[in-house]
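Visitor: Heads up, the sequence shown is in the working numbering, so the first residue is 33 and it goes up one at a time.
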Amino acid sequence: MVPSNKVIAIDGPAASGKSSVATRVSKKTGFLHVNSGLMYRALTWSALRADIDTNNESKVIDHLNSIEMECIKSNDSLLLHINGNDPGEELKSEEVNRSVSVVAAIKEVRSELVKRQREYLLVSDIVMEGRDIGSVVFPETPFKFYIDASPEVRALRRRGEGGVDDLIERDKLDSSRKVSPLVIPEDAFVIDTSEMNLDEVVEKVLSELNQKGLIT
Ligand code: CDP
Ligand code: CDP
Numbered sequence: 033m034v035p036s037n038k039v040i041a042i043d044g045p046a047a048s049g050k051s052s053v054a055t056r057v058s059k060k061t062g063f064l065h066v067n068s069g070l071m072y073r074a075l076t077w078s079a080l081r082a083d084i085d086t087n088n089e090s091k092v093i094d095h096l097n098s099i100e101m102e103c104i105k106s107n108d109s110l111l112l113h114i115n116g117n118d119p120g121e122e123l124k125s126e127e128v129n130r131s132v133s134v135v136a137a138i139k140e141v142r143s144e145l146v147k148r149q150r151e152y153l154l155v156s157d158i159v160m161e162g163r164d165i166g167s168v169v170f171p172e173t174p175f176k177f178y179i180d181a182s183p184e185v186r187a188l189r190r191r192g193e194g195g196v197d198d199l200i201e202r203d204k205l206d207s208s209r210k211v212s213p214l215v216i217p218e219d220a221f222v223i224d225t226s227e228m229n230l231d232e233v234v235e236k237v238l239s240e241l242n243q244k245g246l247i248t
């Protein structure tokens, strides 16, 4: 790790606003925006396309080892290509939503993807969003946020985007898995955004980063 490169970690449950906040914080700071959830989604998408039973752990692990997951920088964020294919909006499909938490619970999948997530810091300052960024991937960063909202508000937000996503089931699996479950890191700045619009949340995050001396 390049000691001078910095990480802003943004964790939280599904549809709490992580991506929207991370996008805005990345614009303000110039840090590279990395959505770690897309890596778990891309693997799930690829396994489903290859007709792999996502409950079969060893098959999923073999599949991860057999594919090329390439990051393409597009404007200020990153796109993932699998074996040269761009999954695009399919990463957010109902099928991927239904299986991604099972794939993300596999220990070997996590250790490999966490290794790749840490490599981003070698090239840039980053804003990384996910479930275990402040707790496991970059526990040493002083810039940790946990973005929350009530299940009802999150369900409404996701519905507003279209698509089918059983948030309650995904939250349950993500919070109860043995390896790196979704937790609130002890030293995270927690924001309940249930009654806040995006501008207000971003303002709160930036004000905390300002207090910590990261931005002016
Ligand atoms: O955008 P949304 O919050 O709905 O999900 P996401 O961030 O794209 O993550 C999709 C799934 O990947 C989550 O439900 C987790 O199962 C998994 N994930 C994880 O386990 N660890 C991360 N750091 C990021 C995502
Ligand atoms: O990344 P994550 O799944 O946590 O959430 P997101 O994709 O950033 O946000 C889900 C939806 O909620 C988007 O349509 C956002 O515009 C919306 N949102 C909101 O209405 N109010 C907020 N405070 C944050 C997000």
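Idealized CB from N, CA, C, for every residue including glycine.
Would you grab the beta carbon distance between V168 and S212 for me? Rounded to a whole angstrom, and I think it's under 8 Å.
Guide: 5 Å
Visitor: Put M33 into one of helix, strand or coil per three-state DSSP.
Guide: Any reading at M33 needs caution, since the residue's pLDDT is 48, under 50, leaving its predicted position unreliable; the model's value is listed next. Note: M33 maps to coil in three-state DSSP.
Visitor: Considering only the beta carbon of each residue, do N67 and E127 sit closer than 9 Å?
Guide: no
Visitor: Rank L188, I114, S182 by C-alpha distance to the C-alpha of R81 and give the top, closest one.
Guide: I114
Visitor: Under 9 Å between the Cβ atoms of T20 and I40?
Guide: Residue 20 falls outside the range modelled here, since the chain spans only 33 to 248, and no answer is possible.
Visitor: Rounded to a whole number of angstroms, what is the C-alpha to C-alpha distance between I179 and D85?
Guide: 32 Å
Visitor: With a threshold of 16 other CB atoms inside 10 Å of the CB of D219, please say whether the residue is buried or exposed.
Guide: exposed
Visitor: Could you give the DSSP three-state label for D180: helix, strand or coil?
Guide: strand
Visitor: Could you check if K244 belongs to the surroundings of ligand 1, using beta carbon to heavy atom distance under 8 Å?
Guide: no
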